[in-house]
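Here the sequence shown is numbered in numbering that gives the first Met the number 0, starting from 0 and rising by one per residue.
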Amino acid sequence: MPAPLLPRSLQIIIPLLAMLLLPMAAGAKEPPIATGKMLGDTCASCHGTQGKSFDEYMPSLAGIDRQQLILAMQDYRADRRASVVMNRVAKGYNDREIEAIADYFSKIK
Ligand code: HEC
């Protein structure tokens, strides 16, 4: 009988390690980014459909300068700019998502 390639203990441990580590590696992958429109639609309840405000007290986001939106969101997220709700809203988005939102709203006429 040929000798086994691996000692018996490793034959058991390697598949176990693989079972443990493979899902972790899969989980570490960055999730696909949602489109700017998808993310921007979450602002519609307050800022209006496509960022077109229906209320004089609510700033429109449609056609906003891209950099202005990015800076505002970063300031809200870091609590550098005070707001009733935007601090909480902004904490839900990472930099890539904020940029995607800025791309979306800045291109709306
Ligand atoms: C629950 C209501 C609400 C939601 C949802 C909301 N906002 Fe706001 N947003 C406000 C209010 C109110 C203000 C203005 C006053 C303030 O700063 O609190 C504001 C202000 C802003 C400003 C500053 C505009 C300016 O002219 O300075 C930006 C930029 C902004 N929001 C972006 C967003 C984006 C992007 C989303 C979606 C990801 C969003 N908001 C979702 C209520 C909301």
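The beta-carbon is built from N, C-alpha and C at its ideal position, and this holds for glycine as well.
Owing to the predicted nature of the structure, the values given are computational and were not obtained by experimental measurement.
- Sequence-distant partners of Pro6 (beyond 5 residues in either direction) whose C-beta falls short of 7 Å from its own C-beta are missing from its chain.
- Going by DSSP, Leu68 is part of the alpha helix (DSSP H) stretching over Arg65 to Arg76.
- Looking at Pro3, Ile13 and Pro31, the one whose alpha-carbon comes closest to that of Glu96 is Pro31.
- In the structure shown, the three-state DSSP call for Ile32 is coil.
- Between the ligand HEC and Thr48, a heavy atom-to-CB distance of less than 6 Å is absent.
- In the DSSP assignment, Phe104 falls within the unbroken alpha helix (DSSP H) covering Asp94 to Ser105.
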